[in-house]
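Engineer: As given, the protein sequences belong to chains A and B, one line each in that order.
Quick note, our numbering runs 883 ahead of the 1-based positions in the first sequence.
Quick note, our numbering runs 218 ahead of the 1-based positions in the second sequence.
Backbone N, C-alpha and C define an ideal beta-carbon position, used for all residues, glycine too.
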Amino acid sequence: MLRAVAGEEAVRQTGRAPAEDAQAEARAASDAADRELVTKAQAGDKRALGELLQKHGPSLYRSVLLPRLGSEAAAKEALSETYAKVVANIAKFTWQNVGFYPWLRTVALRVALDQLRARKRVVLFEEEDLAREVDEAQTQTPVEQQISDQRDREAARKKVEEALSRINPRYATAIRLRVLEERPREEVAKTMEVTPATFDVLLHRSIAALKKALEVKGDE
Amino acid sequence: MSERDGKPNAPVTGDGLDPLAPATEEELAAARRLRDALEDPSIPSADADLANALRAAWSPDALAADELEALVTAAVDPAAQAGAAAVARALEGEAPATPEAELAVALRHAWSPATLEEAEHAAIVQRAVGSAAASSGGATPPASSAKPRNVVVRVVFGASATALALAASVALFVNIQHAESPAAPLARARSTQPLFDEPFRPGEASARIDRIALARASDLRENRFSRWGVKR
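(1) Apart from the five residues on each side of it in sequence, which residues of its chain come closer than 7 Å, Cβ to Cβ, to Y966/A?
(2) Look up D279/B in the DSSP assignment and say whether it is helix, strand or coil.
(3) Please list the partners that G982/A has in chain B, where partner means a Cβ-to-Cβ separation under 8 Å.
(4) Quick check: the Cα distance between Q925/A and K975/A, rounded to an integer number of angstroms?
(5) Sorted by chain position, which residues of the same chain lie with C-beta nearer than 8 Å to V1077/A's C-beta, five sequence neighbours on each side aside?
(6) Hey, could you find the ends of the alpha helix (DSSP H) L992/A is sitting in?
(7) Compare the C-beta of N393/B against all C-beta atoms of chain A and say whether one is closer than 7 Å.
(8) Counting only the same chain and skipping the five closest in sequence on each side, list residues whose C-beta sits under 6 Å from that of D914/A.
(9) In angstroms, rounded to a whole number, what distance separates the CA positions of L885/A and A912/A?
(10) Tell me which same chain residues have a C-beta within less than 8 Å of the C-beta of R973/A, skipping the five on either side of it?
(11) For the stretch 961-990 of chain A, enumerate the residues whose C-beta is nearer than 8 Å to any C-beta of chain B, in chain order.
(12) Have a look at A248/B, I261/B, H327/B and flag the residue whose alpha-carbon is nearest the alpha-carbon of A1039/A.
(13) For D1035/A, count neighbouring Cβ atoms within 10 angstroms of its own Cβ and tell me buried if that reaches 16, exposed if not.
(14) Going straight from the alpha carbon of L438/B to that of E1064/A, what length do you get?
(15) For the 8 Å Cβ check, are there 3 or more pairs between the stretch 262-271 of chain B and the stretch 1039-1059 of chain A?
(16) Quick test of your reading: L1007/A and V947/A, contact by CB under 8 Å. State the CB separation rounded to the nearest angstrom.
(17) Look at the alpha carbon of L246/B and the alpha carbon of L949/A, and state the distance between them as a whole number of angstroms.
(18) Whole angstroms is fine: what's the gap from A916/A's alpha carbon to A435/B's?
(19) Specify the secondary structure class of L268/B as computed by DSSP and reduced to three states.
(20) For A239/B, decide whether its Cβ has a neighbour in chain C, counting only Cβ atoms nearer than 7 Å.
(21) Identify whether E1051/A lies in helix, strand or coil by the three-state DSSP scheme.
(22) Beta-carbon within less than 8 Å of A1096/A's beta-carbon, same chain only, minus the 5 sequence neighbours each way: which residues are those?
(23) Using a beta-carbon distance cut-off of less than 7 Å, what residues from the stretch 926-941 of chain A approach chain B?
(24) Starting from G933/A, trace the alpha helix (DSSP H) both ways and give me its first and last residue.
(25) Please report the straight-line C-alpha distance between A1092/A and G927/A, rounded to a whole angstrom.
(26) Let me know if L325/B comes out buried or exposed under the rule of 16 or more other beta-carbons within 10 Å of its beta-carbon.
(27) Following the continuous alpha helix (DSSP H) through A255/B, name the residue where it begins and the one where it ends.
(28) Near P1079/A, what residues of its chain come up, given a Cβ to Cβ distance below 6 Å and the 5 sequence neighbours on each side ignored?
(29) In terms of residues, what are the limits of the alpha helix (DSSP H) holding W329/B?
(30) Determine whether the beta carbon atoms of V305/B and A319/B lie at a separation below 7 Å.
(31) Whose C-alpha, out of N980/A, E955/A, L996/A, K959/A, is nearest the C-alpha of G311/B?
(32) Roughly how many angstroms separate the alpha carbons of K225/B and A297/B, rounded to a whole number?
(33) Against T333/B, what residues of chain A qualify as contacts under a CB-to-CB distance less than 7 Å, listed in chain order?
What follows is the structure, encoded as structure tokens:
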């Protein structure tokens, strides 16, 4: 009860809930740490630069690169290239009140866009999608990295949903169960009332239908 | 059944059991199992199998169109069959061997991307940071500190206040030059005339403004990328 009263008092005084205050404080502390690392990195401290990359790289890989490039090898290559660009350009980075991650994410998106342009095969994300994201990145990347990650993940899932909506519902179900939900082949075959061998063919046809749908959209 | 061989109520196998006899506990349990198995095909039951066989013989379900197509494809199109196998293998973790398999894996990564292993990430970071050190022959000096060091040298060897002021002004000029020379050139303010091939008709003013705003936004964006050093 006392805690609740104290919380209400904090809201009355600051206009924010204690949880929001704690979050803001954590972010400020993280930003301050990043800023110090950036300053050191710009002065030639390789260890500081390594710390920065260690801190932000996993999110960059999982939320930005892998969903957009669709292959672990391509995502790792893009991450490596992103790091190379960061190392080459860290001296030019100017600290702004949005922190370090939005800049890093923009660099990564541009690297991913270059990779998509170089690869001539059907993937879920198209060049136009990434070009638009790059445009928006500098002004619309949330300051909070977790929120940024969440939005990136949601954007990728929305892309998947959009793609599935363009094919036969039975095909979409096959892909959803086996590919997205990663259920065992036999289980999905049973759910779809076909034999496992028949399901393999059904799934292949589903993917082929999706590929065709994506190609058609790409040609529009 | 009772009309078999034209003889009503002729004895057949199982007829020894009186249909009206009260059910035993064992029979009741078996009946419940059969009922459940008929409602839920996943429950194994020999009795239900027989019942389904009877049902299939009496009123067989049609094969679903897509399943029929899949079966026919599997039989007459070995390439599709091989493609199906490639997709199945890729989803089990093998390297994708066909565009369809690549797409399947890409979908999975978009839906639920895996995390990068810590050791592998550390190796990538090490390669990036290490290669920077190798290319610069050790610690990378800050870009903005190189010029002031030259100024200090000049101060030490300078003899008069006039020379000091001159050196300072030269250093300032050099620093400004350095700060304003990113890798890619910046877009400059220019006439809007090249944006329009033909005159706008009355009432199209907003379209004209939109086009100018679009071009200016593009310039601003490119300039920011240049300043950030992420533009090729």
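Structural biologist: Taking the structure as given:
(1) For the purposes of this step, residue 966/A is identified with residue 83 of the first sequence, where counting begins at 1. If we look at Y966/A and ignore the five residues flanking it on each side, its Cβ neighbours are L936.
(2) Taking the first residue of the second sequence as position 1, residue 279/B is located at position 61. In this structure, DSSP gives D279/B a state outside helix and strand, which the three-state scheme calls coil.
(3) Translated into positions along the first sequence, residue 982/A becomes position 99. The contacting residues do not exist; G982/A stays about 14 Å from chain B at best.
(4) On the first sequence, residue 925/A is found 42 positions in, with the first residue counted as 1. On the first sequence, residue 975/A is found 92 positions in, with the first residue counted as 1. If you take the alpha carbons of Q925/A and K975/A, they lie about 8 Å apart.
(5) Against the first sequence, residue 1077/A aligns to sequence position 194. For V1077/A, same chain residues with a beta-carbon under 8 Å away, outside a window of 5 residues either side, are L1085 in chain order.
(6) Walking along the first sequence from the start, residue 992/A turns up at place 109. First-last of the alpha helix (DSSP H) with L992/A: 984-1001.
(7) In the second sequence, counting from the first residue as 1, residue 393/B sits at position 175. With a pLDDT of only 45 at N393/B, under 50, the local geometry of the prediction cannot be trusted, and the value read off the model is given with reservation. With respect to chain A, the C-beta atom of N393/B has no partner C-beta closer than 7 Å.
(8) If you number the first sequence from 1, residue 914/A lands on position 31. Cβ within range, chain order: G982.
(9) Within the first sequence, residue 885/A is the residue found at index 2, counting from 1. Within the first sequence, residue 912/A is the residue found at index 29, counting from 1. Since pLDDT at L885/A reaches only 39, below the 50 mark, its modelled position is unreliable, and no value is offered.
(10) Residue numbering aside, residue 973/A sits at position 90 when the first sequence is read from its first letter. Reading the sequence as shown, one finds Ile at residue 973/A and not Arg. Hits under 8 Å: V921, A924, Q925, L932.
(11) Residues are counted here when their Cβ sits less than 8 Å from a Cβ of chain B; for the stretch 961-990 of chain A these are L962, S963, Y966, A967, K968, V969, V970, A971, N972, A974, K975, F976, T977, W986, T989, V990, given in chain order.
(12) Along the first sequence, read from residue 1 onward, the residue named residue 1039/A stands at position 156. Distance from the Cα of A1039/A is smallest, within the candidate group A248/B, I261/B, H327/B, for H327/B.
(13) On the first sequence, position 152 is the one that residue 1035/A refers to. D1035/A is buried by the Cβ-count criterion.
(14) For the purposes of this step, residue 438/B is identified with residue 220 of the second sequence, where counting begins at 1. For the purposes of this step, residue 1064/A is identified with residue 181 of the first sequence, where counting begins at 1. When rounded, the distance between both Cα atoms is 43 Å.
(15) Too few Cβ pairs lie closer than 8 Å, so no.
(16) Position 124 of the first sequence, counted from the first residue, corresponds to residue 1007/A. Position 64 of the first sequence, counted from the first residue, corresponds to residue 947/A. Actually they do not touch by this definition, with Cβ atoms about 14 Å apart.
(17) Stepping through the second sequence from its first residue, residue 246/B is reached at position 28. Stepping through the first sequence from its first residue, residue 949/A is reached at position 66. Going from the Cα of L246/B to the Cα of L949/A covers about 57 Å.
(18) As a working mapping, residue 916/A is identified with position 33 in the first sequence. As a working mapping, residue 435/B is identified with position 217 in the second sequence. Going from the Cα of A916/A to the Cα of A435/B covers about 33 Å.
(19) Reading the second sequence from its first residue, position 50 is the one you call residue 268/B. Residue state, collapsed to three classes: helix.
(20) Going by chain labels, chain C is absent from the structure shown, which instead holds the protein chains A and B.
(21) Along the first sequence, one-based indexing puts residue 1051/A at 168. Checking the displayed sequence, the identity of residue 1051/A turns out to be Asn instead of Glu. N1051/A carries a coil assignment under DSSP once its states are collapsed to helix, strand and coil.
(22) Start at 1 with the first residue of the first sequence, and residue 1096/A comes out as number 213. Contacts found: A1046, R1049, I1050.
(23) From the stretch 926-941 of chain A, only A926, G927, K929, L932, G933, L936, Q937, G940, P941 have a Cβ closer than 7 Å to chain B.
(24) Reading the first sequence from its first residue, position 50 is the one you call residue 933/A. According to the DSSP assignment, G933/A belongs to the alpha helix (DSSP H) that extends over 929-942.
(25) Your numbering for residue 1092/A matches position 209 in the first sequence. Your numbering for residue 927/A matches position 44 in the first sequence. C-alpha of A1092/A to C-alpha of G927/A: approximately 52 Å in a straight line.
(26) Position 107 of the second sequence holds residue 325/B. L325/B sits buried, since 16 or more C-beta atoms from the chains shown fall within 10 Å of its C-beta.
(27) Here residue 255/B is taken as the residue at index 37 of the second sequence, counted from 1. Looking at the DSSP string, the run of the alpha helix (DSSP H) that includes A255/B is 243-257.
(28) Residue numbering aside, residue 1079/A sits at position 196 when the first sequence is read from its first letter. The residues R1068, E1069, A1072, in chain order, have a CB closer than 6 Å to that of P1079/A in the same chain once the five nearest residues on each side in sequence are set aside.
(29) Looking up residue 329/B in the second sequence gives position 111. Residues 317-329.
(30) Here residue 305/B refers to the residue found at position 87 of the second sequence. Here residue 319/B refers to the residue found at position 101 of the second sequence. Closer than 7 Å, so yes.
(31) Within the second sequence, residue 311/B is the residue found at index 93, counting from 1. Of the listed residues, the one whose Cα sits closest to G311/B is E955/A.
(32) Position 7 of the second sequence, counted from the first residue, corresponds to residue 225/B. Position 79 of the second sequence, counted from the first residue, corresponds to residue 297/B. Note that K225/B scores a pLDDT of 47, beneath 50, so its modelled location is shaky; the value from the coordinates is reported in the next line. K225/B and A297/B: Cα-Cα distance of roughly 60 Å.
(33) Stepping through the second sequence from its first residue, residue 333/B is reached at position 115. Within 7 Å Cβ-Cβ: P941, R945.
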